[in-house]
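**Student:** Below is one structure. I have some questions about it.
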Amino acid sequence: DYFLKSQKPDAPQANHATPKSLGEPVGKVVAIKGRKIEADLIADVNNGDGLTYINRTDATAGGFRVNRAEGSTLYLADDVAGIEKGATLYRNYDRLFDDLLNRDTAKRKIPIDFVLGSLPGARGLNLTGTIEGIGPVSVVQSIELQPARTPDNGRRRAALEKLGDTPFQLHTLTDLTGDLFVPASVISNLRRDWVEAALTTLQATKEAERNLPRAARVTLPEGYRLTRHDNVANHLAARVVGRMAGVAPEAIEPATECKADNRHKSNIRVMTTRYCLRRELGACLKQGGAKRLPGPLYLRGKGLDYRLDFDCSNCRMQVIANPT
């Protein structure tokens, strides 16, 4: 089947039957009985998946939700009108993948290395957390500290780990408070103060990065000159590009569509693209496509006439206006 070949590297990269996303091919319809479909599957289908289809006879497209999947038998959530036996099935909504992205494991946290210490004379606490790529952020709280009667047993770390919905996560803790007694409420207040200071620092860093001056000039390869293929289409663009490239705006050749003379010239190259219609239609010249789709190929319509040239050595397609 033509559409199932999309698993192969040389298969079409887009679909001509519908502008909607098709997704990955999963098989084809073998039989239809009301809301139950028997399918010849090439991939596992799961409960809650969203499938699309393309009919073989007229290439019409549609879609439905799988209420339950039992092997090759699919039970649909609603009746599907128009689907035919032999229709190719695609999955454009993968419930398991969507569930995976919504798990907590998909969240990213900034690892923080905390150092908890006391001020001289045990008159307060200092909490310093280092953010990679930015540096240390410190907060201080004044309090009279007393020797502890019992060991800490990890309570300070447990209090500092409670970073909740913040973008931070405790990585390491260096506790320099020794045998001093530090109330849990004081640790919690210190942690909240640090989070507030860190968020302020991150915001200031982002604003500073946005305000950095942009390069006023670009370096062009030696001997390079700006031509119509650089698509400078108006005087403002010519002024900006000319200033960045260090050339006078009048020395820049205007874009193809801006030059009236180009309308009467033959064989004007208006586009070079990696997108290749031959490959899209399964007629790549590197794979014997000349027999399947003999050239030359043209794009025509509404008074426009373009020839398609294929630079197979560089895997590019060129669009030529006013071909002779």
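The sequence shown runs 46 to 369 under the numbering used here.
Even for Gly, the Cβ is constructed at its ideal location relative to N, Cα and C.
1. Report the rounded CA-to-CA distance for Asn276 versus Ala296, giving the unit in angstroms.
2. According to DSSP, what are the bridge partners of Gln363?
3. Judging by CA-CA distance, which residue of Ala293, Gly180, Thr250 is the nearest neighbour of Leu271?
4. Please report the distance separating the alpha-carbon of Lys81 from that of Leu119.
5. Let me know the alpha helix (DSSP H) ranges lying completely inside the stretch 139-221, each 4 residues or longer, listed in chain order.
6. Please classify Lys251: is it buried, with 16 or more other beta-carbons within 10 angstroms of its beta-carbon, or exposed?
7. Can you have a look at Cys360 and say buried or exposed, based on whether 16 or more other CB atoms are within 10 angstroms of its CB?
8. Identify every residue that forms a DSSP beta bridge with Ile99.
9. How should Ile365 be labelled, buried or exposed, when 16 other C-beta atoms within 10 angstroms of its C-beta is the threshold for buried?
10. Let me know if Arg133 comes out buried or exposed under the rule of 16 or more other beta-carbons within 10 Å of its beta-carbon.
11. Starting from Val285, follow the alpha helix (DSSP H) in both directions and report where the run begins and ends.
12. Count the other CB atoms within 10 Å of the CB of Pro266; is the residue buried (16 or more) or exposed (fewer)?
13. Could you give the distance in angstroms between the alpha-carbon of Ala229 and the alpha-carbon of Glu177?
14. Could you pull out every residue in the same chain whose Cβ sits closer than 7 Å to the Cβ of Glu83, ignoring the five residues on either side in sequence?
15. Quick one: measure Cβ to Cβ for Val231 and Gln191, integer angstroms, because I've assumed they're closer than 8 Å.
16. Among Ala204, Thr264, Leu86, Phe159, which residue has its Cα nearest to the Cα of Thr217?
17. Would the beta-carbon of Tyr135 fall within 8 Å of that of Pro70?
18. Alpha carbons only, please: which of Asn234, Asn100, Ala278, Glu189 is nearest the one belonging to Glu206?
19. For Leu342 versus Leu330, is the C-beta spacing smaller than 8 Å?
20. Give the DSSP-derived three-state secondary structure of Gly379 in the structure shown.
**Tutor:** Taking the definition as stated:
1. On the sequence shown, position 231 is the one that residue 276 refers to. On the sequence shown, position 251 is the one that residue 296 refers to. Rounded to whole angstroms, the separation of the alpha carbons of Ala296 and Asn276 is 14 Å.
2. Locating residue 363 in the sequence shown gives position 318, where the first residue counts as 1. Note: Gln363 sits in a beta bridge opposite Thr317, Asp354.
3. Position 226 of the sequence shown, counted from the first residue, corresponds to residue 271. Comparing Cα-Cα distances from Leu271 to each of Ala293, Gly180, Thr250, the minimum goes to Ala293.
4. Along the sequence shown, one-based indexing puts residue 81 at 36. Along the sequence shown, one-based indexing puts residue 119 at 74. Between the alpha carbons of Lys81 and Leu119 lies a distance of about 6 Å.
5. Counting only runs of 4 or more, we get 140-147, 200-205.
6. Here residue 251 refers to the residue found at position 206 of the sequence shown. Its Cβ having fewer than 16 others within 10 Å, Lys251 is exposed.
7. Position 315 of the sequence shown, counted from the start, is the residue given in the question as residue 360. An exposed status is given to Cys360, since fewer than 16 other beta-carbon atoms sit within 10 Å of its beta-carbon.
8. Sequence index remark: in the sequence shown, residue 99 carries index 54 (1-based). For Ile99, which the question treats as bridged, DSSP gives the partners Ala106, Thr133.
9. Within the sequence shown, the letter at position 320 stands for residue 365. Buried is the call here.
10. Locating residue 133 in the sequence shown gives position 88, counting from the first residue. Going by the sequence as given, residue 133 is Thr instead of Arg. The residue in question, Thr133, is buried, as its Cβ has 16 or more Cβ neighbours within 10 Å.
11. Translated into positions along the sequence shown, residue 285 becomes position 240. Boundaries of the alpha helix (DSSP H) around Val285: 280-290.
12. Residue numbering aside, residue 266 sits at position 221 when the sequence shown is read from its first letter. So Pro266 ends up on the exposed side.
13. Indexing the sequence shown from 1 puts residue 229 at position 184. Indexing the sequence shown from 1 puts residue 177 at position 132. Taking the Cα positions, Ala229 is about 27 Å away from Glu177.
14. Within the sequence shown, the letter at position 38 stands for residue 83. A distance below 7 Å between beta-carbons, with the five flanking residues on each side excluded, links Glu83 to the following residues of its chain, in chain order: Val75, Ala76, Ser117, Thr118.
15. Against the sequence shown, residue 231 aligns to sequence position 186. Against the sequence shown, residue 191 aligns to sequence position 146. Actually they do not touch by this definition, with Cβ atoms about 12 Å apart.
16. Taking the first residue of the sequence shown as position 1, residue 217 is located at position 172. Comparing alpha-carbon positions, the option among Ala204, Thr264, Leu86, Phe159 lying closest to Thr217 turns out to be Phe159.
17. Within the sequence shown, the letter at position 90 stands for residue 135. Within the sequence shown, the letter at position 25 stands for residue 70. Cβ distance < 8 Å, so Tyr135 and Pro70 count as in contact.
18. For this step, residue 206 is matched to residue 161 along the sequence shown. Of the listed residues, the one whose Cα sits closest to Glu206 is Asn234.
19. In the sequence shown, the residue the question calls residue 342 occupies position 297. In the sequence shown, the residue the question calls residue 330 occupies position 285. Not closer than 8 Å, so no.
20. The requested residue 379 does not occur in the structure, where the chain is confined to residues 46 to 369.
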